[in-house]
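Down below is the structure, laid out as structure tokens.
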Amino acid sequence: MDKKVFELLNDQINKEFYSAYLYLDMANFYAQKGLDGFANWYEVQAKEEQDHAMLIYHYLLNNGQKVTLGAIAQPDKTFAALMDPLKAAHEHEQYVTSLINAIYAAAIQANDYRTTQFLDWFIKEQGEEEKNSGDMITKMELFGDDAKALYLLNSELAGRVYSAPSLVLD
Ligand code: FEO
Numbered sequence: 135m136d137k138k139v140f141e142l143l144n145d146q147i148n149k150e151f152y153s154a155y156l157y158l159d160m161a162n163f164y165a166q167k168g169l170d171g172f173a174n175w176y177e178v179q180a181k182e183e184q185d186h187a188m189l190i191y192h193y194l195l196n197n198g199q200k201v202t203l204g205a206i207a208q209p210d211k212t213f214a215a216l217m218d219p220l221k222a223a224h225e226h227e228q229y230v231t232s233l234i235n236a237i238y239a240a241a242i243q244a245n246d247y248r249t250t251q252f253l254d255w256f257i258k259e260q261g262e263e264e265k266n267s268g269d270m271i272t273k274m275e276l277f278g279d280d281a282k283a284l285y286l287l288n289s290e291l292a293g294r295v296y297s298a299p300s301l302v303l304d
């Protein structure tokens with residue numbers, strides 16, 4: 135595997151675990167506000183991020199690469215308003231999309247079409263992630279100021295159930 139493609143993928147394992155940690159911190163914020171549905175939503179999101187990390191980890195191992203695991207940074211965002219984590223999550227997903235795109239571009243440059251095929255799932259996933267995080271902001275803008283509506287939104291988010299990723303590795 136091309137050195138740069140490997141290094142970016144190896145680093146992305148860390149970035150995905152950081153994402154999990156960041157979302158767990160958001161779950162923590164909402165749990166402390168008594169919004170268990172919002173907390174559930176971000177706990178599920180944190181699990182999905184761990185899946186993303188593990189998919190890349192296994193992809194590298196399956197391709198004979200020597201993975202190196204680095205320290206996971208402390209979540210560094212502070213939240214005050216209920217909207218704050220939602221906006222931070224959306225910005226974070228846009229950032230992750232840029233990271234995936236950069237790996238994809240490096241793989242194309244290296245003629246590494248196995249990696250571009252692997253990353254196709256992540257490209258699609260990032261589209262869904264950005265849509266979900268954007269929708270959360272819209273819902274909060276529409277309903278967040280009304281206590282009854284916020285209660286119903288919290289109940290809706292409590293229904294999010296974790297499911298394993300659809301990507302199957304060879
Ligand atoms: Fe692993 Fe939320 O992207």
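One rule links them: number in my numbering = place in the sequence shown (from 1) + 134. The beta carbon of each residue, even a glycine, is placed where N, CA and C say it ideally should be.
query	result
Val178 beta carbon near the ligand FEO (any heavy atom closer than 8 Å)	no
Close Cβ partners of Gln184 (< 6 Å) along its chain, the five nearest in sequence each way excluded	Ala154
Proximity test, His192 beta-carbon vs the ligand FEO heavy atom, cut-off 8 Å	no
Rounded C-alpha distance that separates Lys273 from Ser232	25 Å
At least three beta-carbon pairs within less than 8 Å, the stretch 195-203 to the stretch 144-162	yes
Ala215 to Leu276 span [Cα, whole Å]	15 Å
Buried/exposed call for Pro212, threshold 16 Cβ in 10 Å	According to the sequence as given, residue 212 is Thr; it is not Pro. The residue is exposed, with fewer than 16 neighbouring Cβ atoms inside 10 Å.
Near the ligand FEO: His186 beta-carbon under 8 Å from a heavy atom	yes
Residue from Asn245, Met217, Ile257 whose Cα sits closest to the Cα of Gln228	Ile257
Proximity of Ala180 and Leu158 at Cβ, strictly below 9 Å	yes
Same chain, Cβ closer than 6 Å to Trp255, five either side skipped, listed in chain order	Leu301
Assigned exposure category for Asp246 - 16 Cβ within 10 Å defines buried	buried
Distance CB(Tyr193)-CB(Thr249) smaller than 9 Å	yes
Contact check, His226 vs Met270, beta carbons under 9 Å	no
Close Cβ partners of Asn288 (< 8 Å) along its chain, the five nearest in sequence each way excluded	Leu169, Asp170, Gly171, Phe172
Nonlocal neighbours in the same chain, by C-beta distance under 8 Å from Leu253, ignoring five residues either side	Ile234, Ile237, Tyr238, Ala241
Segment limits, alpha helix (DSSP H) that includes Pro219	218-243
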